[in-house]
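To keep things clear, I will list the structure first and then write my remarks on it.
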Amino acid sequence: MLVLLALFGIAALLLAPLTRALTNRVFLVAALVPLGAFGHALVVGPGILSGGPLVERAAWVPQLQLTLDLVMDPLSWVMTLVVTGVGALVLLYCAAYFRSDSEGIGRFAATLTAFAGAMYGLVLSEDVFLLFVFWELTSVLSYLLIGHYQGRRASRGAALQALITTTLGGLVMLVGLVLLAQQAGSASIPVIIAAAPEGALTTTAIILVLVGALSKSAILPFHFWLPGAMAAPTPVSAYLHAAAMVKAGVYLIARFAPAFAETPSWREILVVLGLATMILGGWVALRQTDLKLLLAYGTVSQLGLLVVITGWGTRDAALAALALLVAHALFKSTLFLVVGIIDHGAGTRDLRALSGLGRRAPVLAAIAALALASMAGLPPLFGFVAKEAVLHALLVDALGGADLAAIAVAGVVAGSALTAAYSIRFFWGAFATKGGVDDVEDLDHVGPGFLLAPAVLAVAGLALGPLAALADAGVAPSADGLPAGVAPSAPSAPSGSGEVYHLALWHGPTLELGLSLLAILAGVAIFLAREPIARLHARVHSPVSASELYWDVVGGVDRLAVRVTSLTQRGSLPFYLGVILVVFVAGTGATLLIGSSGPGEVRLWDTPAQVAIAVIMVASAVAATRAQKRFTAVLVVGVTGFGMSALFSIMGAPDLAITQILVELVTLIAFVLVLRRLPAQLGDRHGSTRKGLRALIAVAVGATMGVIALVAAGARTEAPISLAWPELAYEIGHGRNTVNVALVDLRAWDTLGELAVVIAAATGVASLLFIRGRDDALPRPARGLVRRRVEQRLDRVREQGRPGELRNAWILAGPSLDPRNRSILLEVVVRLTFHATVVVSIYLLFAGHNLPGGGFAGGLVAGLALVGRYLAGGRYELGAAAPVGAGAVLGTGMLLAASTAAMPLMLGADALTSAFVETELPVLGHVEFVTSTIFDVGVYLVVVGLVLDVLRSLGAEVDRQADPVERAIAAAGSAPAAVSPPAAAGPQSEGRA
Amino acid sequence: MTVSLVLVIVMSAMYACAVYLLLERSLTRVLLGFLLAGNATNLLILIMVGEAGVAPIFDESIEASEYTDPLPQALILTAIVITFAVSSFLLALIYRSWRLANADDVSDDADDLALRGGAVLIAAEETLPESSTTDFPLEGEESR
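Chains C and Y, in that order, give the protein sequences. So for the first sequence, the working numbering puts the first residue at 153; every next one is plus one. So for the second sequence, the working numbering puts the first residue at 54; every next one is plus one.
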């Protein structure tokens, strides 16, 4: 069985590629798999019926106690025969149903075969969770099959409806299964049945499982999805909606009935809902004009009957239920296939448009007649045998005094009358010659291949009637062992005296036969009275339709989603931020109030100087909120930064003080570079709305942060680990500057991560500014014209530059500048200080290990040197000062840092382990070298790269975009001349300096 | 461990000003708020050093507890540079937004506004079982 299950899966994977070669003949290949499973079941059948079940076990997820245990007992055996037999025939039928050029048949064949495999697994699963997996698999595959005609709106909607309904039921069922498995102590179905737990929790679990079963089998109130699912191709209906998927719920009830039929409310739920479904389905079927819908409502009705009898839970009922299940699968699949043939030939299924088919297609009509007779319960067909058994099983208990059984008998007879009526309606609708309707003339010839599947199914229904004894032998073993009846007097009924009910065509003139006859006569009467009944239908329109209810719920959920979205997604960034901050204040504030250990000790200040700095910083911060000019705002924010630096130096953190000052300088310059392109005024247009609310939130956040600082200080109980750092830094890291050693050695992982962030940010800046790549897509007119324009401009610049040629000597790019924009003082200062600054930066880098400084400070100083060159000479000067790309600098830095991390790994040490070398060198004397210095060089380069990237992007690139010549070039679509500026000839002009 | 009240007050004031600016729509003000918040956060970490001491440059004659705690310093140093990197990125964003849209403010999300205005109505895909009576519609009837 495991092998067969695997074969289904493999076939499903292979069928789609095979379709390219085989077109619609792929279905013949597909049919082989279920056919093989059918043959296998036939072969092992006698052993299962007389001996024990066939068991195959495989591990699946041992950690979760999930197993792939397959068991074929008599009940599973019958289900397997139905599922694989009908499956094989339907696949065979598909070969004729679809044209060779039909769209998506590969997908369809694969999905249908996979579905057959899922059903096969479902009826064989021993474990409830394995069963659930297959259960959901059938739901998903049925979704794909119903929605096969993707282009049709109705098809998609119906597929979704069926999916939502059945998976909703499935999820409810899962909860029930978990509860059951928990109580029984095992997920194995036989163990659960044997344990048969009781109690309120079990009742709840069973009802939850029943919700799943009823939704799958389209029982009231879940019945609506089945008629909707008729949007599927007809073979799908014949298989899923007649034989296989809808029977899964019935199968589950049959599985659990032996143990749980006596659970409170089990029988009441199933009988009441089943009967209501049976009568409602039959009644609505009488109204249908689409033959397929007629069958769909008929199926709903029959499923109701099946649920009633399956849930009854006696031995005779179980026998009858299984017989009816087989009979229904045979006749309903036949009828769907017949409808498919009619639709295929006549192009419609509307019984108002069909006429004269009986004469044109007599064989088809005969097949349909056989199936309909079985459905209506006429002898000698198997449907009759099954219905007799149903009536018998219920009558035994009804006569024994069970009220529920009496109601069930009445309901079944009424339902059977309706069944007979819509069976006749189907035959009349499909095959009769109707007055006032043109005969269907252009019915294509129906080939034997097309007729084979329905014929086999119909004949099987015919043959099993007389051969009822054979059917009994197959079906009875799964029913034996159940209680004989539910009524108080039942145990003394026939079965008690050793006479057991068997399926048979003739039981003698019994009450069951009389009731059958009554039902059929009533059915004929209903059909004959179809005109008044149609009027009644028109008048008695159900006030509430389950389908409409479904759509109301779905629509309601959609509307709710829109409302919730529009309530929470205001689309306003300040709003979101405000909400986050309010939650922060409320949440943190509440925690601080309830659970905090109280504030720590407070001292006023370390030195009075702190107070002076504090006043300046607070004043600047407040001024920043009130500033109306961009530049003012930037400056006052900068003041708080310098204040930070002062605080750092007072508090014994020289590294921080240096770094902060340098960063403030570079930030200020970066701001200025951008702000020169923006309007000076920070206008009111920029939404200074709700000032009061914002101020309130701001003050609340500030206060909360203050309390956090106080409480956090009080929460510290242990001595900080950093007390050991200074000594560790010196002993292991060979550096006296603890902070620097921490960055490049003790906590170097953090720094490595930070370098990555810096590189990402620098790359982000560059990618936001350099949009030149787009120009390639523009048209490129008149290259020569552009070049001439550029040369004219350059000539003009040279002429203006000539008189003061000496002035140009100070910096490389001097000649390229407009003389009006030049500052000779700045040029001289930069010229004199640039190299010195670079030397200082390198000194800071290497001295940082023992004195304040290090890679960060050194890198920033070097960056400032570049800033000076750029400010004095513009972008060409920057290009000359830093001939390598910022990306290369960043990358080299990261490479150095990362290789310091990786190298020790290769030598067998932990990552980032540092090594120490000291030696005597001739000129330099005693030299110490720690490998973490290489890491610091990496930091240095990354910081230089960051500053360079900012300058190139926010400085040079912004200049270029603002340059009128460049604009002309950009507009013209190419920039060939601009990339070779005068400064590129740097080396030659340097000689003049 | 004790904290300096002056520093806590400065930190709270800077956070408050930062939040006030961050809640603005002007991108430039948001960036200024970001910078203030960065400084305030560094100050918060600085408060955690407790008593100020001597700079942590190792000297055998100094007790370990006399140094200013080096751990928060390492964190702050990293934070300063990252703040610079991220504010450069924000600057680039501001410039680009100005260049492309001539705007320096965060505007509301158009889709969200449309949704709030009820412009987007989701139509449920209803199925009418009667809608088709054949699997084999003629050409052109397919896409209804």
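The C-beta atom is built at its ideal place from N, Cα and C for all residues, glycine as well.
Practice task
Evaluate contact between the region 90-105 of chain Y and the region 784-796 of chain C, counting only Cβ atoms and requiring at least three cross-stretch pairs below 8 Å.
Solution key: yes
Problem - Per-residue DSSP class, three states only, for C/Gln780 - result: coil
Problem - Boundaries (first-last residue) of the beta strand (DSSP E) holding C/Thr1071 - result: 1068-1073
Practice task
Flag this pair as yes or no: are the beta carbons of C/Ser724 and C/Asp897 separated by less than 8 Å?
Solution key: no
Practice task
Give the DSSP-derived three-state secondary structure of C/Leu454 in the structure shown.
Solution key: In the sequence as presented, Leu is not what sits at residue 454 of chain C; that position holds Gln. C/Gln454 falls in the helix class under three-state DSSP.
Practice task
Pull up the distance between the alpha-carbon of C/Gly188 and that of C/Leu156, whole angstroms please.
Solution key: 8 Å
Practice task
Answer yes or no: do C/Leu503 and C/Ala582 have a C-beta to C-beta separation smaller than 8 Å?
Solution key: yes
Practice task
Give the straight-line distance between the Cα atoms of C/Val789 and C/Leu817, rounded to the nearest whole angstrom.
Solution key: 12 Å
Problem - Where C/Gln833 falls: helix, strand or coil (DSSP) - result: strand
Practice task
Hey, could you find the ends of the alpha helix (DSSP H) C/Gly303 is sitting in?
Solution key: That residue, C/Gly303, is in no alpha helix (DSSP H); it is neither H nor E in DSSP.
Exercise for the section: Measure the CB-CB distance between Y/Glu104 and C/Pro726 and report whether it falls below 8 Å. Expected result: no
Exercise for the section: Taking only the alpha-carbon atoms, compute the straight-line gap between Y/Ala71 and C/Tyr882 and give it to the nearest angstrom. Expected result: Going by the C-alpha atoms only, they are around 39 Å apart.
Handout entry: the region 58-69 of chain Y: positions lying closer than 9 Å to chain C by Cβ
Key = Leu58, Val59, Leu60, Val61, Ile62, Val63, Met64, Ser65, Ala66, Met67, Tyr68, Ala69
Exercise for the section: Could you spell out the range, first to last residue, of the beta strand (DSSP E) harbouring C/Leu222? Expected result: 222-224
Practice task
Look up Y/Thr55 in the DSSP assignment and say whether it is helix, strand or coil.
Solution key: Of the three classes helix, strand and coil, the one that applies to Y/Thr55 here is strand, per DSSP.
Exercise for the section: Measure from the alpha carbon of C/Phe488 to the alpha carbon of each residue in C/Arg439, C/Tyr391, C/Pro514, then state which is nearest. Expected result: C/Tyr391
Exercise for the section: Answer with buried or exposed for C/Ser1051, where buried requires no fewer than 16 other C-beta atoms within 10 angstroms of its C-beta. Expected result: Exposed, by the Cβ-count rule.
Exercise for the section: Identify, in the order they occur along the chain, each residue of the same chain with its Cβ nearer than 8 Å to the Cβ of Y/Ile129, setting aside the five sequence neighbours on each side. Expected result: Asn95, Ile98, Leu99
Exercise for the section: Can you tell me which of the three DSSP states C/Asn176 falls into? Expected result: helix
Practice task
Confirm, please, whether the CB-CB distance from C/Leu276 to C/Val230 is below 8 Å.
Solution key: Taking 8 Å as the Cβ cut-off, C/Val230 and C/Leu276 do not qualify as a contacting pair.
Exercise for the section: Could you tell me the boundaries of the alpha helix (DSSP H) in which C/Glu979 lies? Expected result: 976-999
Practice task
Taking only beta-carbon positions, decide if Y/Thr140 is within less than 8 Å of chain C.
Solution key: The sequence given here has Ser at residue 140 of chain Y, not Thr. Yes, because at least one Cβ of chain C sits closer than 8 Å to the Cβ of Y/Ser140.
Handout entry: For C/Thr219, the residue or residues it bridges with in DSSP
Key = C/Ala211
Exercise for the section: Helix, strand or coil for C/Leu159, going by three-state DSSP, please let me know. Expected result: helix
Handout entry: Where Y/Ile115 falls: helix, strand or coil (DSSP)
Key = Coil at Y/Ile115, not helix or strand.
Practice task
Using a cut-off of 7 Å between C-beta atoms, extract the partners of Y/Ala127 located in chain C.
Solution key: Val891, Ala894, Leu895, Arg899
Practice task
Would you please verify whether the beta carbon of Y/Ser114 is less than 8 Å from any beta carbon of chain C?
Solution key: no
Practice task
Per DSSP, which residues does C/Leu206 bridge with? Please list them.
Solution key: C/Met224
Problem - Same chain, Cβ closer than 6 Å to C/Leu425, neighbours up to 5 away in sequence not counted - result: So the qualifying residues of the chain are Ile371, Leu372.
Handout entry: Cut-off 6 Å between Cβ atoms - residues of its own chain near C/Ala396, not counting five sequence neighbours on either side
Key = Val235, Met271
Practice task
Would you mind stating whether C/Leu443 and C/Arg501 have Cβ atoms separated by less than 8 Å?
Solution key: yes
Problem - Members of the region 86-114 of chain Y that neighbour chain C once the beta carbon cut-off is set at 8 Å - result: Leu88, Leu89, Asn92, Ala93, Asn95, Leu96, Leu97, Leu99, Ile100, Met101, Val102, Gly103, Glu104, Ala105, Gly106, Val107, Ala108, Pro109, Ile110, Phe111, Asp112
Handout entry: Supposed contact pair C/Leu1042 and C/Gly1097 - C-beta distance, whole angstroms, cut 8 Å
Key = 4 Å
Handout entry: Residue(s) in a DSSP beta bridge with Y/Ile110
Key = C/Asn889
Exercise for the section: Check whether the Cβ atoms of C/Ala1024 and C/Val982 sit closer than 8 Å, and answer yes or no. Expected result: yes
Problem - Other residues of its chain near C/Val992: CB distance less than 7 Å, five sequence neighbours each side excluded - result: These residues qualify, in order along the chain: Val1013.
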